[in-house]
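First up is the structure itself, then whatever we jot down about it.
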Amino acid sequence: REGAGAAGGMGAALLGYTPARLQPGIEIVLETVKLAQHVADADIVFTGEGRIDHQTAHGKTPMGVAKVAKQFDLPVIALAGCVGDNYQAVYECGIDAVFACVPRAMSLSEAMKEADVNVANLAENVARMWQIKSH
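Put into structure tokens, the structure is as follows:
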């Protein structure tokens, strides 16, 4: 059953033998952290994922964050470790721009080792771009 987990998983078992109900994990997280309250006064919203590709548009965390941000007509910037095939699909789902944080071709292990620096550099560059817009 759709939404029951990979290959049916625990979700399918619980649905079959208990009065369980399915709820997307992102909905639970957004409610728990009260994201709408936090972004209500924001100018821009950032979200991220290790890899943004066409699958991201099908209910992954960045889409949940974008949905909340768009309730307040806010721009949404997605930061990713890398971008994959047809990542542009997220543009139809509330993401306004996507940026990958790897500055050059590198192995996954190298990217993981340098992730903190790469994400910080990417965030700074996006913030600088946002400042240009504000002038």
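Number 380 in my numbering belongs to position 78 of the sequence shown; there are no gaps in the numbering. The beta-carbon is built from N, C-alpha and C at its ideal position, and this holds for glycine as well. Remember, it's a predicted structure, so these values are computed and weren't measured experimentally.
Leaving aside the five residues before and after D355 along the sequence, list all residues of the same chain whose C-beta is less than 6 Å from its C-beta, in chain order. Position 53 of the sequence shown, counting from 1, holds the residue named residue 355. Counting only Cβ-Cβ distances below 6 Å, and skipping sequence neighbours, we find G386, D387, Y389.
Would a C-beta distance cut-off of 8 Å place G423 and V404 closer than the cut-off? Walking along the sequence shown from the start, residue 423 turns up at place 121. Walking along the sequence shown from the start, residue 404 turns up at place 102. This sequence places Asn at residue 423; Gly is not what is there. No; because the gap between Cβ atoms is not below 8 Å, this pair is not in contact.
What are the residues that DSSP puts in a beta bridge with V347? The count along the sequence shown starts at 1 and reaches residue 347 at position 45. Looking at the DSSP output, V347 sits in a beta bridge with V378.
For W432 and S411, I'd like the C-alpha separation in whole angstroms. The residue you call residue 432 lines up with position 130 of the sequence shown. The residue you call residue 411 lines up with position 109 of the sequence shown. Their Cα atoms are separated by approximately 31 Å.
On the three-pair Cβ rule with 8 Å, is the region 322-337 touching the region 358-367? Taking one beta carbon from each stretch, the region 322-337 and the region 358-367 have 3 or more pairs nearer than 8 Å; the two touch.
Could you give the uninterrupted runs of the beta strand (DSSP E) lying entirely in the region 377-406, keeping only those of 3 residues or more? If we require 3 residues or more, the beta strand (DSSP E) runs fully inside the region 377-406 come out as 378-385, 399-402.
Range covered by the alpha helix (DSSP H) that runs through K415: The sequence position of residue 415 within the sequence shown is 113, counting from 1. Unbroken alpha helix (DSSP H) run through K415: 410-415.
Would you call V335 buried or exposed, if buried means 16 or more other Cβ atoms sit within 10 Å of its Cβ? By one-based count along the sequence shown, residue 335 stands at place 33. Burial is judged here by how many other beta carbons sit within 10 angstroms of a residue's own beta carbon; V335 has fewer than 16 and is exposed.
Report the CB separation of L376 from A338 in whole angstroms; it is logged as a contact under 8 Å. Taking the first residue of the sequence shown as 1, we reach residue 376 at position 74. Taking the first residue of the sequence shown as 1, we reach residue 338 at position 36. Taking 8 Å as the upper bound for CB-CB distance, L376 and A338 are not in contact here, some 11 Å apart.
Consult DSSP for G352 and reduce its assignment to one of helix, strand or coil. In the sequence shown, counting from the first residue as 1, residue 352 sits at position 50. Three-state DSSP puts G352 in a strand.
Using a Cβ-Cβ cut-off of 8 Å (strictly less than) and excluding sequence neighbours within five positions of L416, which residues of its own chain qualify? Mapped onto the sequence shown, residue 416 falls at position 114. Per the sequence shown, the amino acid found at residue 416 is Glu instead of Leu. Listed in chain order, the non-local C-beta contacts of E416 below 8 Å within the same chain comprise M408, local neighbours out to five positions each way being set aside.
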